[in-house]
Amino acid sequence: MALKATIYKAMVNVADLDRNQFLDATLTLARHPSETQERMMLRLLAWIKYADERLQFTRGLSAEDEPEAWLRNDYLGIDLWIELGLPDEKRLKKACTQAKDVALFAYNSRAAQIWWQQNQNRCASFGNLSIWYLDDEQLAALSAFANDRTMTLQATLQDGAIWLSDDTQNREIHLEAWQQP
């Protein structure tokens, strides 16, 4: 018997002071049975970082040919491809040739550091690739927001910091920029 995805709802208010972007959104996140809560919340954080009315979650783990989220333009081209984890060079090349911009969110401290040492030179050849890293401690703090399957979050982005809060907690999250175009 196949396991079904667990559905989470997130009402998010984003105030991105760096991009002068202000947005209220109600998002549905389907957590795949093999996906951890931390990874799901990193998907949400990636959405918050690049918040846009047209930014959509895809089938994610259920589809090998799609990113975790994408921003498609009016001509069905991909303006932004968001990837999570530690993909191989072939996947990154595919993303960078299909999309105007690509954002990779790396996590899992020990594995990510090794991956970065091995792939740093190859990644530098992709001029439209941004790589963001979130350490294990901050990822655990981010995951604490998913105590309930319905979340109401306020996010403020300024000077590289993301302040995330709900009714009971408030966290400052810093993504480390490993590579930017």
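When you line the sequence shown up against our numbering, it's residues 19 to 199, in that order.
Even for Gly, the Cβ is constructed at its ideal location relative to N, Cα and C.
Handout entry: Close-in-space but distant-in-sequence residues of the same chain around Q198 (CB under 7 angstroms, 5 per side omitted)
Key = S148
Problem - D154 in three-state terms, based on DSSP - result: helix
Practice task
Determine the burial state of K67: buried for a count of at least 16 other Cβ atoms within 10 Å of its Cβ, exposed for fewer.
Solution key: buried
Practice task
Please report how far the alpha carbon of W99 lies from the alpha carbon of F163, in whole angstroms.
Solution key: 25 angstroms
Practice task
Starting from I96, follow its DSSP beta bridges and name the residues at the other end.
Solution key: R90 and A117
Handout entry: Expected contact under 8 angstroms - CB spacing of V32 and L41 to nearest Å
Key = 5 angstroms
Exercise for the section: Classify R57 as buried or exposed, calling it buried when 16 or more other Cβ atoms lie within 10 Å of its own Cβ. Expected result: buried
Handout entry: Three-state secondary structure (DSSP) of Q136
Key = helix
Exercise for the section: Assuming F123 contacts L102 (C-beta within less than 8 angstroms), just tell me the rounded distance between them. Expected result: 5 angstroms
Handout entry: Cβ distance (whole Å) where L47 is taken to contact A28 below 8 angstroms
Key = 6 angstroms
Practice task
Would you kindly report the start and end of the unbroken alpha helix (DSSP H) that includes Q55?
Solution key: Q55 to K67
Handout entry: Close beta carbons around A117, own chain, < 6 angstroms, minus the five adjacent residues each side
Key = I96 and W99
Practice task
Keeping to the same chain, check which residues put their C-beta closer than 7 angstroms to that of E261; ignore five residues upstream and five downstream.
Solution key: A question about residue 261 goes unanswered here, because the residues of the chain that appear run from 19 up to 199.
Problem - Rounded C-alpha distance that separates F191 from R37 - result: Correcting the residue identity first, residue 191 is Ile in this sequence and not Phe. I191 and R37: Cα-Cα distance of roughly 17 angstroms.
Exercise for the section: Consult DSSP for K22 and reduce its assignment to one of helix, strand or coil. Expected result: coil
Handout entry: Endpoints, beta strand (DSSP E) assigned at H50
Key = Taken as a continuous stretch (DSSP letters only), H50 belongs to no beta strand (DSSP E), as it is neither H nor E.
Exercise for the section: Could you name the residues that DSSP lists as bridge partners for Q176? Expected result: A179
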